[in-house]
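Trainee: Below is one structure. I have some questions about it.
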Amino acid sequence: MTETIVLTCPSGKQSTHLIPLLIQTKRFHLRLAAHSAASKDHLESEYPETEVVQVDLTSLPDCERLLAGTTAIHHVGPSFHSREKEMGFNLIDAAVSEIQKPDSVFKHFVFSSVLSTQHRNLMQHDLKSRVEERLFLSPLNFTILQPTNFLAGYPVAHLAEQSMPSFERLWNPDTANSLIALEDLAEASARVLIERERHYFAQYPLCSTLPISDRDVVRTIEKHLGKKIEIVTPSFEKGVQNTLTFLFGARESNDWVQSDLDSPGAEGDLRPDITRDEAERLPMVSNSPDFYHGRQEPVEWGACFQLRDELYTGQTSDTDDATLILPS
1 MTETIVLTCP SGKQSTHLIP LLIQTKRFHL RLAAHSAASK DHLESEYPET EVVQVDLTSL
61 PDCERLLAGT TAIHHVGPSF HSREKEMGFN LIDAAVSEIQ KPDSVFKHFV FSSVLSTQHR
121 NLMQHDLKSR VEERLFLSPL NFTILQPTNF LAGYPVAHLA EQSMPSFERL WNPDTANSLI
181 ALEDLAEASA RVLIERERHY FAQYPLCSTL PISDRDVVRT IEKHLGKKIE IVTPSFEKGV
241 QNTLTFLFGA RESNDWVQSD LDSPGAEGDL RPDITRDEAE RLPMVSNSPD FYHGRQEPVE
301 WGACFQLRDE LYTGQTSDTD DATLILPS
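Below, the structure is given as structure tokens:
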């Protein structure tokens, strides 16, 4: 009998790279959790070989329906959403309910969290840390993945199009931080789902690189683009306004582009997790602690910055150097 795996946030950056890897195994039936009718239509068109279910993850009955008859779940919480913690709790509780059924086949809860959730001044870290705690205290077999910042966050294609490119960061551009390629993260996630028992109760901090500052990354991009890139650090006030705009929407409704994270602190939510004064703290904190994981040699930065898609091809002259290796 084919095993069914649930994936949340299937249109997001992580799942977009993970889904094709799981489909290639021909081992799993994938059940994708769509948050809207439009998302459901898009996913059914993009992945016709999968099952797409429209669900509200803030509803426990919906989560129980989503997990019915499944073997595993790969859960990616929507960062900055005011109800991210509630969604994670519901999915964990639904999985606990599922394993109590006499005919249950549920075996594994994989949670893609974030590196250094103990750094709770970052509100998305705080919410994810509480989901981790709920999972840790549950009777479920679990694995927690903790990826660092994404390499894809550097808009190389956009910078290449600009005659006088500039790059904005909310924090000190000289702060060093490890990064991860989405391709590496997808490969690690697929391996955990496929190997399963080997990774029960494990927690993996995941990075593709040694610590490197934004300034050094930009210098590497400059070398490949052949043009100077200005690094801009906004004022505290502008940083706060940027965060508030992301969380609560633009000042004018027609300025806001619809997306999966449209106003995470949406009107109508009780919003116990996100408050406007928290946004004032976000631009002030430093990056996650640096962590180096799993490589014999640091990644060759010149090979990372190819102008395909946004940033990272996942290949170097030595394929093994572009593959994230989980510990034995």
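Numbering follows full-length UniProt numbering, in which position 180 of the sequence shown is assigned residue number 180; successive positions increment by one, without gaps.
We put the CB at the ideal spot given by N, CA and C, even for glycine.
Which residue from Ser45, Thr16, Ser82, Asp93 puts its Cα closest to that of proline 61?
Mentor: Counted from its first residue, the sequence shown places residue 61 at position 61. When each option's Cα is compared against that of proline 61, the closest is Asp93.
Trainee: Closest to histidine 75 by C-alpha separation, out of Lys227, Ile212, Leu137, Leu18, would be which residue?
Mentor: As a first step, residue 75 must be located in the sequence shown, where it is residue number 75. It is Leu18 whose Cα lies nearest to the Cα of histidine 75.
Trainee: How far does the alpha helix (DSSP H) with isoleucine 19 in it extend, from its first residue to its last?
Mentor: On the sequence shown, position 19 is the one that residue 19 refers to. That run of the alpha helix (DSSP H) goes 13-25.
Trainee: Just to confirm my understanding: we take glutamate 44, look at its own chain, exclude 5 residues before and 5 after, and list those with CB closer than 7 Å. What are they?
Mentor: Walking along the sequence shown from the start, residue 44 turns up at place 44. Cβ within range, chain order: Val52.
Trainee: Per the DSSP calculation, alanine 202 is bridged to which residue(s)?
Mentor: Position 202 of the sequence shown, counted from the start, is the residue given in the question as residue 202. According to DSSP, alanine 202 bridges with Thr143.
Trainee: Distance check for glutamate 64 and threonine 4, CA to CA, integer angstroms please.
Mentor: Position 4 of the sequence shown holds residue 4. Position 64 of the sequence shown holds residue 64. Those two C-alpha atoms are separated by around 14 Å.
Trainee: Return the first residue and the last residue of the beta strand (DSSP E) that phenylalanine 109 is part of.
Mentor: Within the sequence shown, residue 109 is the residue found at index 109, counting from 1. It spans 108-112 - the beta strand (DSSP E) in which phenylalanine 109 sits, taken as one unbroken run.
Trainee: Sort Gln24, Ser11, Lys26 by Cα distance to leucine 32 and report the nearest one.
Mentor: The residue given as residue 32 occupies position 32 in the sequence shown. The shortest C-alpha separation from leucine 32 is found at Ser11.
Trainee: Kindly confirm or deny that the segment 109-118 and the segment 71-86 touch, where touching means at least three C-beta pairs closer than 8 Å.
Mentor: The segment 109-118 is in contact with the segment 71-86.
Trainee: Straight-line CA distance for methionine 87 to leucine 67?
Mentor: Reading the sequence shown from its first residue, position 87 is the one you call residue 87. Reading the sequence shown from its first residue, position 67 is the one you call residue 67. Rounded to whole angstroms, methionine 87 to leucine 67 spans 13 Å at the Cα level.
Trainee: Between which two residues does the alpha helix (DSSP H) carrying phenylalanine 89 extend?
Mentor: What you label residue 89 is simply residue 89 of the sequence shown in a count that begins at 1. Element bounds for phenylalanine 89: 84-99.
Trainee: Can you check the segment 26-92 for any beta strand (DSSP E) of at least 3 residues that lies completely inside it and give the ranges in chain order?
Mentor: As far as the segment 26-92 is concerned, its whole beta strand (DSSP E) runs of at least 3 residues are 28-34, 51-54, 72-76.
Trainee: Is the CB-CB distance between valine 240 and isoleucine 231 below 8 Å?
Mentor: Working through the sequence shown from its first residue, we reach residue 240 at position 240. Working through the sequence shown from its first residue, we reach residue 231 at position 231. No; because the gap between Cβ atoms is not below 8 Å, this pair is not in contact.
Trainee: Between the C-alpha atoms of valine 192 and arginine 198, what's the straight-line distance to the nearest angstrom?
Mentor: Position 192 of the sequence shown, counting from 1, holds the residue named residue 192. Position 198 of the sequence shown, counting from 1, holds the residue named residue 198. Taking the straight line from one Cα to the other gives about 8 Å.
Trainee: Along the chain, which unbroken stretches of the beta strand (DSSP E) at least 3 residues long are found entirely within the segment 155-194?
Mentor: Qualifying beta strand (DSSP E) stretches, in chain order: 166-168.
Trainee: What does the Cβ neighbour count give for alanine 72, buried or exposed, with the cut at 16 atoms within 10 Å?
Mentor: Translated into positions along the sequence shown, residue 72 becomes position 72. Flag for alanine 72 reads buried.
Trainee: Which partner residues of phenylalanine 150 appear in the DSSP bridge assignment?
Mentor: Here the question's residue 150 lines up with position 150 in the sequence shown. Answer is Ile180.
Trainee: Measuring alpha carbon to alpha carbon, tell me which residue in Trp171, Ser213, Glu183 is nearest glutamate 237.
Mentor: Numbered from 1 along the sequence shown, position 237 holds the residue referred to as residue 237. Checking every option, the nearest Cα to that of glutamate 237 belongs to Trp171.
Trainee: For leucine 91, which option in Arg134, Gln54, Asp126, His119 has the closest C-alpha, if you only look at C-alpha atoms?
Mentor: Looking up residue 91 in the sequence shown gives position 91. Per the Cα distances, Arg134.
Trainee: Out of Leu151, Leu140, Asp174, Glu132, which one is the CA nearest neighbour of lysine 107?
Mentor: For the purposes of this step, residue 107 is identified with residue 107 of the sequence shown, where counting begins at 1. Among Leu151, Leu140, Asp174, Glu132, the Cα nearest to that of lysine 107 belongs to Leu140.
Trainee: Figure out for me which residue from Asp41, Phe136, Ala152 has the closest Cα to the Cα of threonine 50.
Mentor: Position 50 of the sequence shown, counting from 1, holds the residue named residue 50. Here the closest residue by C-alpha is Asp41.
Trainee: Under 8 Å, Cβ to Cβ, is there at least one residue of chain B near phenylalanine 109?
Mentor: Structure shown: chain B not included; a single protein chain is present.
Trainee: What span of residues does the alpha helix (DSSP H) with glutamate 222 cover, start to end?
Mentor: Here residue 222 refers to the residue found at position 222 when the sequence shown is read from its first residue. That run of the alpha helix (DSSP H) goes 214-225.
Trainee: Taking leucine 22 as the reference, which of Val6, His35, Pro155 has the closest Cα?
Mentor: Taking the sequence shown and counting its residues from 1, one reaches residue 22 at position 22. Checking every option, the nearest Cα to that of leucine 22 belongs to Val6.
Trainee: Which residues does DSSP pair with threonine 4 in a beta bridge?
Mentor: Indexing the sequence shown from 1 puts residue 4 at position 4. Bridge partners of threonine 4: His29.
Trainee: Going by beta carbon distance, what residues of the same chain come within less than 8 Å of histidine 35, once the five residues before and after it are set aside?
Mentor: As a working mapping, residue 35 is identified with position 35 in the sequence shown. The answer, listed in chain order, is Gln54, Val55, Asp56, Leu57, Asp260.
Trainee: Go through its chain and collect everything with a Cβ distance to isoleucine 229's Cβ below 8 Å, but skip five positions before and after it.
Mentor: Taking the sequence shown and counting its residues from 1, the one referred to as residue 229 is at position 229. Taken in chain order, the residues that qualify are Leu159, Pro165, Ser166, Phe167, Val218, Ile221, Glu222.
Trainee: Closest by CA to glycine 226, which one among Arg196, Val156, Gln100, Glu132?
Mentor: The residue given as residue 226 occupies position 226 in the sequence shown. The option with the nearest alpha carbon to glycine 226 is Val156.
Trainee: State the CB to CB distance for the pair threonine 143 and leucine 179, rounded to an integer number of angstroms; the pair is presumed to be in contact (CB under 8 Å).
Mentor: Mapped onto the sequence shown, residue 143 falls at position 143. Mapped onto the sequence shown, residue 179 falls at position 179. Going by Cβ atoms, the distance from threonine 143 to leucine 179 rounds to 22 Å, so no, they are not a contact pair.
Trainee: So, is phenylalanine 89 buried or exposed, given that buried needs 16 or more other C-beta atoms within 10 angstroms?
Mentor: Residue numbering aside, residue 89 sits at position 89 when the sequence shown is read from its first letter. Answer is buried; the Cβ neighbour count reaches 16.
Trainee: Just to confirm, is the Cβ distance from cysteine 207 to threonine 148 under 8 Å?
Mentor: Here residue 207 corresponds to residue number 207 of the sequence shown, with the count starting at 1. Here residue 148 corresponds to residue number 148 of the sequence shown, with the count starting at 1. In this structure, threonine 148 lies closer than 8 Å to cysteine 207 by Cβ.
Trainee: Taking Cβ to Cβ, would you say lysine 13 is nearer than 8 Å to leucine 182?
Mentor: Numbered from its first residue, the sequence shown carries residue 13 at position 13. Numbered from its first residue, the sequence shown carries residue 182 at position 182. A contact, by the Cβ cut-off of 8 Å.
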